[in-house]
Every structure is written in C-alpha cells, then in structure tokens.
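A short worksheet on the structure shown next.
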Amino acid sequence: MLGLSISTDSVRKFGSLQKDNMQEIPFFFHNENYRLFGVLHEAKKLPRKEGFVFCAPFAEEKLWAHRVMVNFARELAVRGYPVLRFDYMGNGDSEGEFEESSLETILSDTECATRTLMAQVRDVESVNLLGLRLGGTVAALVAESAAKVNKLILWEPILNGASYMREMLRVNLSTQTAVYKKILHNTDDLVRMMKEGKTVNVDGYEMAWPLYEQVEKIDLLERSKTCDIPALIVQICRKEKYVNPLLAKLKEKCSIIHIDISVEEPFWKEIRHYYSKANNLYQVTLNWLEQDER
Amino acid sequence: MNARVEPVLFDSRNNIRLFGILHRPEDAREDVGIIILSPGIKSRVAPHRLYVKMAKRFCQMGFCVLRFDPHGIGDSQGEIEERMVADFYGSVQVGRFVNDTIDAMDWMAKEHGISRFILAGLCGGAITGLLTGASDRRVDSLLGLGIPVILDNAVTDQGKYMTRGQLEVLRGSYLKKLLDIKSWSRFLMLKSDYGLICRSIMTAMKSKIGNARKYSNESGNSTGSSTKTGHNFNPYFPMALHKMLSSRRVLLVFSGADRLFWEFEEKYMTPYKNEYEKVKEIIEIYIVKDANHVFSYKVWQGDMLNAAVTWLNMNYSRVNKGRS
Numbered sequence: 011m012l013g014l015s016i017s018t019d020s021v022r023k024f025g026s027l028q029k030d031n032m033q034e035i036p037f038f039f040h041n042e043n044y045r046l047f048g049v050l051h052e053a054k055k056l057p058r059k060e061g062f063v064f065c066a067p068f069a070e071e072k073l074w075a076h077r078v079m080v081n082f083a084r085e086l087a088v089r090g091y092p093v094l095r096f097d098y099m100g101n102g103d104s105e106g107e108f109e110e111s112s113l114e115t116i117l118s119d120t121e122c123a124t125r126t127l128m129a130q131v132r133d134v135e136s137v138n139l140l141g142l143r144l145g146g147t148v149a150a151l152v153a154e155s156a157a158k159v160n161k162l163i164l165w166e167p168i169l170n171g172a173s174y175m176r177e178m179l180r181v182n183l184s185t186q187t188a189v190y191k192k193i194l195h196n197t198d199d200l201v202r203m204m205k206e207g208k209t210v211n212v213d214g215y216e217m218a219w220p221l222y223e224q225v226e227k228i229d230l231l232e233r234s235k236t237c238d239i240p241a242l243i244v245q246i247c248r249k250e251k252y253v254n255p256l257l258a259k260l261k262e263k264c265s266i267i268h269i270d271i272s273v274e275e276p277f278w279k280e281i282r283h284y285y286s287k288a289n290n291l292y293q294v295t296l297n298w299l300e301q302d303e304r
Numbered sequence: 044m045n046a047r048v049e050p051v052l053f054d055s056r057n058n059i060r061l062f063g064i065l066h067r068p069e070d071a072r073e074d075v076g077i078i079i080l081s082p083g084i085k086s087r088v089a090p091h092r093l094y095v096k097m098a099k100r101f102c103q104m105g106f107c108v109l110r111f112d113p114h115g116i117g118d119s120q121g122e123i124e125e126r127m128v129a130d131f132y133g134s135v136q137v138g139r140f141v142n143d144t145i146d147a148m149d150w151m152a153k154e155h156g157i158s159r160f161i162l163a164g165l166c167g168g169a170i171t172g173l174l175t176g177a178s179d180r181r182v183d184s185l186l187g188l189g190i191p192v193i194l195d196n197a198v199t200d201q202g203k204y205m206t207r208g209q210l211e212v213l214r215g216s217y218l219k220k221l222l223d224i225k226s227w228s229r230f231l232m233l234k235s236d237y238g239l240i241c242r243s244i245m246t247a248m249k250s251k252i253g254n255a256r257k258y259s260n261e262s263g264n265s266t267g268s269s270t271k272t273g274h275n276f277n278p279y280f281p282m283a284l285h286k287m288l289s290s291r292r293v294l295l296v297f298s299g300a301d302r303l304f305w306e307f308e309e310k311y312m313t314p315y316k317n318e319y320e321k322v323k324e325i326i327e328i329y330i331v332k333d334a335n336h337v338f339s340y341k342v343w344q345g346d347m348l349n350a351a352v353t354w355l356n357m358n359y360s361r362v363n364k365g366r367s
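Listed in order, the protein sequences are those of chains A and B. Our numbering numbers the first residue of the first sequence as 11 and each following residue consecutively. Our numbering numbers the first residue of the second sequence as 44 and each following residue consecutively.
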C-alpha cells in the first residue's frame, strides 16, 4: 500500500530546497503501517526517464557516509536524474525501532521506495538502484525481484553477510572491552542471546536475531540473478591495488558486470579526513553511466 | 500524547536553506520550545539516533522540538571547507553554527510563536548551545551532553594536553603491553610514542608520592588563563558558561568513561574553582556511570534521559509555565 503525501501539496507545505537545476523535497511515505522518511532530488530541466533510488549502508555507516550520498544525489539531479534517498524503518528519521528491523523490512522498504519514486515523478519509466556497503547488497537483492530495476551501482558492497555480521559482533566486543576492561560475552554468547530474543548492541543500535540471521545468510556470489542486469561494482580502497578476488570471481560468472576501482578513504567509518564528496568515486560512476548511454 | 513529526525548511541569514524535523505535540506549549543541535558530522539524527529518542521523550512532555542540520551538514545546503575532521570540530567549538542556531530560533518564533528556548545537544551541539546562549537572551537554559572544553585541530599533538585521567588509562594499557612481543618490537624499532609513555608513567609517579597539589598548579590555577589550563583549552568556554549562569540554568550531563568529563574536571573545574564555587548552585552536573561518549547502551541512554526529564520537570513544570 502506498500512502503518498508529497508532490505539489508537500512542496507548498514544507517548501523545497532549490539549487542550480534541481529541487529537493523532504517527505514521509507509507510502507504498510509505518512512515518512511525520504528526500526527493528532482531535476527542473530535461528530466530523464531513469530515476535512482539510493540504498543506505548499515546503522552508523549511514551517518558517516551521509554527506557523500547527498552530494552524489545532487550531482545526478543536476544531470537530469530524479533521485530518492530514504531511511529504512528504524533508521534515520523513519518511524519504527531499529530492533524491529530485519533484512526483510529493509528489502520491503527499498521496493516501496522504488514504487514511490515511479509514482511521484511522472516521467520515470525505470529505476536504477545505487547502494553503498550493505546498501549495495540490498540493491542487488531487490533487483532480483523488482521488475523495473534497470541498472545497479554497488559501491564496495558486502559480498558475504556472515563475515560482515561477525565484524558487527566485534564492534560489540570492542565496546565491552572499553567499558568493562574485559569481554563478558563472546561472539557465541552474543549469537545465543539474540536467538533467545535479546538484542545485541552494535555502536548503540540494538540488533535482533531476524536481522542478524537474514544478513548472515547472504552470499552475493551464489546469486545468479544479479547477473541479469547491467551493473557497476566499485571497489573502494585507499591505494589502487588488485581487484578483490571475490569480485574477480563474480566477474567471471557475470560478464555483464563491470568492476572498477576507486581510490578513496573508507568514508563510511570514522576517519581523520573530512569527507563530504568522493570525487574519484563519483567520476568512475558517472563515466560508466555515460558509457552505457553511448 | 500524539505528536506530528514533519520535515521543515528555513533560510539562514546567508540565504542557505536549512533542513530540520519538527516534533509538535497536540497540546504543544507555546511559552518555551527545545532545539536539539547537531553534534557535528552526524547531523540532526546523532549517533544511533540519539536525538530521535530525545525528541520523542521531550515531545511527550509537551515541548515542541526542532532537530535541524546547520549549513554543510546532513541535508542542508552549504559546504564544509575543512579537510580534516579535527579542524572542523575546532571550528564548531568556536561557534561555527551559532548563527544558524539563532536563525532556527527566529524561525520557531515566527512560525510557532515560541519566545524562549532550551538548547540541547551532544558534544559539538552542547558547545554550540552554550555559545549561542551567551549571545542570545532567548536561550533560557542549556542541556549539554558531553560538552567539550578544548579546541580540536589537526596539527596539535593532543597527547601533549591529555588529562591525568587519560594518562592513567594509557599507563594501564602500556603496562598490559609489557607482556606483548609485538609491542616490544614496536618499542625497539622506534615506532612508539616515547613522550606519551613517559608522561603517562610520570603522572602515576606524581600521584603516588602525593604531589597532586604540584600537578594541579602545573596544569592550571584559579586565574584560569588558557596557558595555565593547557594550550588546547577553549578560552570561550568559561566566558560563555559564566555568562549563561549569571541568570540562566544549565544541566551538564557527562559520561563517566569519557575523556570529555576528565577534561571538564581538570581543565575547567580545578583551574576555575573560585568562579565555579559562585555558580555551583545554579549549574547541575550529572554523571552517567561507566557510559561512553555517545551513550551507546540503552541503560545509559535511559539514565541520561531520566536526568534530563527530571531537570526539565523541575524547571519547566506546566503549572508554573516555566521559571519566572
């Protein structure tokens, strides 16, 4: 069910942020019984028939990377692409609690955002999904089921959910060490606690079993449907180096996928540099879009 | 209490469009509102959505609450020019977002008729609130979480200005490393910070021989000049705090395991003890035991929120319609 509440009414009510050749409209939209928060970046001139939905990374990574995503949405909007950025349920300004979220709700929210973009921007006929880290993984999964997904852009996607979830549990162990000077609950304990219905704190976010279990099962290399859509995967690293062997393996399986490397700081975590734009990453992505048009 | 939660946009004095979320309860109070100020990079949401949780709780008390992004942050227009995060934090600590905060108050006054404000915020948000309060009388009180008293920047060796608490923690970690082969290897290959190791051990020795008074004099005295409190002390901090406290209320909540609390104690409370004595009846300080800087655990968030709600109830009960 779509409970849309934007377009002209919303612009009148909340105003819009206008700059160059685009405007930005913040709004809430419904996915079933909760409201999701989104910002629509719209081109004022020469709007394209392809729009973008951005898939945010996990938990605190989203906050560190926020401005890089905002600025790329603006780059795309001035080039005529309408872009919808939104917060998953229990994240950012959307309704719900983080502990209620799961991969299932994240996928459902992303599909809802895709429908919302198409309903709101009359000219949009197909949607491209762009995701960072776990958001890239989400984009690939949504593309398997959503018919109108045209292209995929995955920035440093999480290929293996199990190792990513172990990384998140290590964040909890670090906090335990900092607070108690020792580890009270090891990773096995944490997994057992989640199975028993408790939550595990990751950087302040209360993660519950459904989210952990569902993300843990993801293995992008095993999903052949990802190969059906033109996709750009960008490996982000501090120094240019060889392609991650897992990505190379994926490329072997799916010739339609283009893999590129972009030299950037890992802007989705705390680093010394202030990162509001990732120009190398933007350029690699825009080049691929332009090549695809030709 | 039912509340409307809506996105809002308003222009700053520099014609930069700023973005926020307004939480408005059905029976909102019109005498006083709350503005929660961005901690820094993490926008109107704050780490692990702390500000969303705070706004909901304050809204249930009948307050109209605005969370907004200052220029260059979150979804607002504008850009941050600093290339290093520490330099950006330093600019916030000397008032980068004060004008945006004043503009947000102007907008709340114009759109919602609110004339008095409680400013709240974590870290960068707390110091922005304090500096705004020093320059605008509409700020009725400050709820500051983990307020910084130092000036960050990317070129200063912050290790030089560590507090005794920080040095003691470091000393503990160095002692643990005595049995670690990798650490010895780093030490012998000249990769360790010998100055820092030396300072952390010297601090412990001074403490043991009961030389606390000498230490105190070395790190600062009651005249409170910035050279005596360490070169990274923010000179605006005591001026703004004493100005706020001349007629308005302040609640400072600190996390027990946060260096910012040690810095507050050692760089402000000790050197400024004479000034602090005069205002200690007005300022309230609450420590959330064991908590880290961002109140990660639910129990810490609950403790902090209960302290804030108690303080708000005491000073802004509906019956009294706020303090006179």
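Even for Gly, the Cβ is constructed at its ideal location relative to N, Cα and C.
Proximity test, residue i beta-carbon vs the ligand ADP heavy atom, cut-off 7 angstroms
i: D346(B); result: This structure lacks the ligand ADP, and indeed carries no ligand of any kind.
C-beta neighbour in chain B for residue i, strict 8 angstroms
i: L117(A); result: no
i: L151(A); result: no
i: A188(A); result: yes
i: W43(A); result: Note that residue 43(A) corresponds to Asn in the displayed sequence, not to Trp. Not one chain B Cβ lies under 8 angstroms of N43(A).
i: T124(A); result: no
i: P36(A); result: yes
i: R248(A); result: no
i: T197(A); result: no
Span separating the alpha-carbon of residue i from that of residue j
i: Y132(B); j: A156(A); result: 43 angstroms
i: I163(A); j: M204(A); result: 32 angstroms
i: G12(B); j: V128(B); result: Shown here, chain B extends from 44 to 367; a query on residue 12(B) therefore has no answer.
i: N264(B); j: T313(B); result: The predicted position of N264(B) is uncertain, since its pLDDT is 38 and thus under 50; a value taken from the coordinates is nonetheless stated next. Straight-line Cα distance between these residues: approximately 7 angstroms.
i: E309(B); j: D213(A); result: 28 angstroms
i: K251(A); j: E232(A); result: 25 angstroms
i: V137(B); j: L194(B); result: 8 angstroms
i: Y359(B); j: I161(B); result: 10 angstroms
i: K257(B); j: K316(B); result: For K257(B), the pLDDT reaches just 38, beneath the cut-off of 50, and the residue's location in the model is therefore unreliable, although a value from the coordinates is still provided. One C-alpha to the other measures close to 16 angstroms.
i: L93(B); j: I243(A); result: 33 angstroms
i: D183(B); j: D301(B); result: 27 angstroms
Cβ shell of residue i (< 7 angstroms), same chain only, five flanking positions each side left out
i: E125(B); result: F131 and S134
i: A75(A); result: P67, L142, F277 and W278
i: K332(B); result: G299
i: L291(A); result: W165, V244, I246, S272 and E274
Same chain, Cβ closer than 8 angstroms to residue i, neighbours up to 5 away in sequence not counted
i: D112(B); result: L61, F62, G63, S81, S86, R87, D118 and S119
i: R132(A); result: none
i: G100(A); result: G106, E107, F108, E109, E110, S111 and T115
i: A83(A); result: V49, H51, F62, F64, V93 and R95
Classification of residue i by the beta-carbon crowding that lies within 10 angstroms, buried from 16 upward
i: P278(B); result: exposed
i: N138(A); result: buried
i: K120(A); result: The sequence given here has Thr at residue 120(A), not Lys. With 16 or more other Cβ atoms within 10 Å, it is buried.
i: N356(B); result: exposed
i: R110(B); result: buried
i: S255(A); result: Per the sequence presented here, residue 255(A) reads as Pro, with Ser not at that position. Answer is exposed; the Cβ neighbour count stays below 16.
i: K59(A); result: exposed
i: V80(A); result: buried
Within-8 angstroms CB hit, residue i to chain A
i: V331(B); result: no
i: M127(B); result: yes
i: G117(B); result: yes
i: N254(B); result: For N254(B), the predicted model reports a pLDDT of 39, less than 50, meaning its position is unreliable and no value from the coordinates is stated.
i: K99(B); result: no
Where residue i sits in the DSSP three-state scheme
i: H91(B); result: helix
i: F277(A); result: coil
i: F304(B); result: helix
i: S118(A); result: helix
i: V296(B); result: strand
i: C166(B); result: coil
i: D270(A); result: strand
i: D118(B); result: coil
i: P281(B); result: helix
i: K251(B); result: Because the pLDDT of K251(B) is 46, which lies under 50, any placement of that residue in the model is unreliable, and the number read from its coordinates should be weighed accordingly. Here K251(B) sits in helix by DSSP.
i: G48(A); result: strand
i: P50(B); result: strand
i: K263(A); result: helix
Contacts around residue i, its chain only, beta-carbon distance under 6 angstroms, and the 5 residues preceding and following it disregarded
i: M49(A); result: The sequence as given places Val at residue 49(A); Met does not occur at that position. Excluding sequence neighbours, V49(A) sits near E34, P36 and R95.
i: I59(B); result: H114, Q120 and G121
i: D270(A); result: V244 and V294
i: P220(A); result: S112
Partner residues on chain D for residue i, Cβ-Cβ distance less than 8 angstroms
i: K341(B); result: Absent from the structure is chain D; the protein chains it does hold are A and B.
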